[in-house]
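This report refers to the structure that appears directly beneath it.
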Amino acid sequence: EPEVTQTPSHQVTQMGQEVILRCVPISNHLYFYWYRQILGQKVEFLVSFYNNEISEKSEIFDDQFSVERPDGSNFTLKIRSTKLEDSAMYFCASIYYGTDTQYFGPGTRLTVL
Amino acid sequence: SQQGEEDPQALSIQEGENATMNCSYKTSINNLQWYRQNSGRGLVHLILIRSNEREKHSGRLRVTLDTSKKSSSLLITASRAADTASYFCATDEFIQGAQKLVFGQGTRLTINP
Chain Y
1364 EPEVTQTPSH QVTQMGQEVI LRCVPISNHL YFYWYRQILG QKVEFLVSFY NNEISEKSEI
1424 FDDQFSVERP DGSNFTLKIR STKLEDSAMY FCASIYYGTD TQYFGPGTRL TVL
Chain Z
65 SQQGEEDPQA LSIQEGENAT MNCSYKTSIN NLQWYRQNSG RGLVHLILIR SNEREKHSGR
125 LRVTLDTSKK SSSLLITASR AADTASYFCA TDEFIQGAQK LVFGQGTRLT INP
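Protein sequence lines correspond, in order, to chains Y and Z.
FYI, the numbering for the first sequence is 1364 to 1476, going by this note's numbering.
FYI, the numbering for the second sequence is 65 to 177, going by this note's numbering.
Put into structure tokens, the structure is as follows:
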């Protein structure tokens, strides 16, 4: 069964460094999402992406964040200058047009030291 | 904004017993979904119930939805140790055609052998 994949599974970085989290959504899906979950807290929406542009972003998704679909398969989340509070699990999700079920990847655990 | 809130926050039962988790939300929805998350892992979609449905079954899972009370429940029958996980409800919001999910805090379910 097709699934969303994410790499790396765990990323450790120093505060102020740039990180890029990678996702490969399910191949015929058209909407893509990033969510994050700080340890012990709820899953929070960050951004949705459709037709090569951001369709919505939350207040968390400030100028330090960007998303890109550099080719036909990858979907990336870049954090330009990481802060300690960016430490969280980051989930990518995708959905086929006209359906309601979002399929989530296994997540990338980001640790900012 | 919409907010799913699960109740209880933690539930511990014996294997074989039934587990019931509740979710409340604040605004109107198109559908409500339940996800499972094993410790530190990704989100697995369990079941989706639409706003015009009152009950739905999938294997040992039974979900109810009461839109007048803005609440949903997830029942897991004949629980197994492998059901130990956190369970989240998620309501949908549509902005500019793109769905985003709003998650609750989750219920941490522990099944004791």
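We put the CB at the ideal spot given by N, CA and C, even for glycine.
Please read these numbers as outputs of a predicted model, since none were measured by experiment.
Buried or exposed for residue i, please, with buried defined as at least 16 other CB atoms from any protein chain shown within 10 angstroms of its CB.
i: Ile1417 (chain Y); result: exposed
i: Leu107 (chain Z); result: buried
i: Gln1369 (chain Y); result: buried
So, at 6 angstroms on beta carbons, what are the nonlocal neighbours of residue i in its own chain, with the 5 sequence-adjacent residues on each side left out?
i: His1373 (chain Y); result: Arg1472
i: Ser65 (chain Z); result: Unreliable placement is indicated for Ser65 (chain Z), whose pLDDT of 34 sits below 50; no coordinate value is reported for it.
i: Gln97 (chain Z); result: Leu112, Ala154
Excluding five sequence neighbours on each side, which residues of the same chain lie with their C-beta closer than 7 angstroms to the C-beta of residue i?
i: Gly80 (chain Z); result: Ala142, Ser143
i: Asn95 (chain Z); result: Leu112, Ile113, Arg114, Ser115, Asp156
i: Lys131 (chain Z); result: One detail in the question is off: residue 131 (chain Z) reads as Thr in this sequence, not Lys. Here the set comprises Ser115.
i: Phe1424 (chain Y); result: Leu1409, Val1410
Does the separation of the CB atoms of residue i and residue j fall below 8 angstroms?
i: Ile1389 (chain Y); j: Val1367 (chain Y); result: yes
i: Leu125 (chain Z); j: Glu117 (chain Z); result: no
i: Ser1421 (chain Y); j: Phe1408 (chain Y); result: yes
i: Tyr1398 (chain Y); j: Phe1454 (chain Y); result: yes
i: Glu1381 (chain Y); j: Ser1444 (chain Y); result: yes
Excluding the five sequence neighbours on either side, which residues of its own chain have a C-beta within less than 8 angstroms of the C-beta of residue i, listed in chain order?
i: Ser1450 (chain Y); result: Ile1401, Leu1402, Leu1473, Thr1474, Val1475
i: Gly170 (chain Z); result: Glu70, Gln73, Gln101, Ser150, Tyr151, Phe152
List the residues of chain Z whose Cβ lies closer than 7 angstroms to the Cβ of residue i, in chain order.
i: Pro1388 (chain Y); result: By Cβ distance, chain Z contributes nothing, its closest Cβ being about 14 angstroms from Pro1388 (chain Y), past 7 angstroms.
Give the interface partners of residue i over in chain Z, defined as CB-CB distance under 9 angstroms, in chain order.
i: Asp1463 (chain Y); result: Asn94, Asn95, Gln97, Leu112, Arg114, Asp156, Gln163
Residues of chain Y with a CB under 8 angstroms from the CB of residue i: which are they?
i: Arg105 (chain Z); result: Pro1469, Gly1470
i: Val166 (chain Z); result: Phe1408
Under 9 angstroms between beta-carbons, which chain Y residues line up against residue i? List them in chain order, please.
i: Arg109 (chain Z); result: A quick correction: the sequence has His, not Arg, at residue 109 (chain Z). The answer, in chain order, is Thr1464, Gln1465, Tyr1466, Phe1467.
* Asked: Should the segment 68–78 of chain Z be called in touch with the segment 86–95 of chain Z, which here means at least 3 C-beta pairs below 8 angstroms?
  -> yes
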